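Asker: The opening position of the sequence shown corresponds to residue 13 in the working numbering, with each subsequent residue numbered one higher.
Here a beta-carbon is modelled for each residue, glycine too, at the ideal position from N, C-alpha and C.
Fair warning: this is a prediction, and the values are worked out from it, not measured in the lab.
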Amino acid sequence: MRYAKEWIHHSDRGVQYLSIRYTNRLETANLRASVGTTGDSYDNALAETVNGLYKTEVIEYLKADWQGLADVQLATLNWVDWFNKERVHSALGYVSPFEFEAM
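Here it is as structure tokens:
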């Protein structure tokens, strides 16, 4: 499996992400902070795309089946697992991330 040489935590310019305490936590965890630029709608395009997929594929599609928070959490965990491991992607030659890593 290939791993990133450096882990980056990217966020918007929310005050919670710019606080000294938060940036110290990132440093302790060996994460590099990356903060988006103000007024750049394309800066978080990938994150916004993933959020949109989550809302469409999980929230809107499954919400009628939920009885409580535990159901939402389980649906979210299952979707993230599928998204990260099993979904096919054009940038990977239409194979899953697991298949791509095994090549």
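Going by Cα to Cα distance, which pick from Ala103, Trp91 and Tyr106 is closest to asparagine 63?
Answerer: Measuring from the Cα of asparagine 63, the nearest candidate turns out to be Trp91.
Asker: Measuring straight from C-alpha to C-alpha, what distance separates glycine 41 and isoleucine 20?
Answerer: The sequence shown places alanine at residue 41, not glycine. C-alpha separation (whole angstroms): 11 Å.
Asker: Tell me which residue opens and which closes the beta strand (DSSP E) that arginine 44 is part of.
Answerer: Here the beta strand (DSSP E) through arginine 44 covers 43-47.
Asker: Mapping DSSP to helix, strand and coil, what is tryptophan 94?
Answerer: Note: tryptophan 94 maps to helix in three-state DSSP.
Asker: Given valine 84, which residues of its chain have a CB within under 6 Å of its CB, disregarding the five upstream and five downstream residues?
Answerer: Hits under 6 Å: Trp78.
Asker: Can you tell me where the alpha helix (DSSP H) with isoleucine 20 in it begins and where it stops?
Answerer: No alpha helix (DSSP H) contains isoleucine 20, which is instead part of the beta strand (DSSP E) from 19-23.
Asker: So, using beta-carbon positions, are threonine 88 and valine 70 closer together than 8 Å?
Answerer: Yes, these two residues count as a Cβ contact at 8 Å.
Asker: Once DSSP output is grouped into helix, strand and coil, what is the label at valine 27?
Answerer: Three-state DSSP puts valine 27 in a helix.
Asker: Is the beta carbon of threonine 61 less than 8 Å from the beta carbon of aspartate 55?
Answerer: No, the pair does not count as a contact, with Cβ atoms beyond the cut-off.
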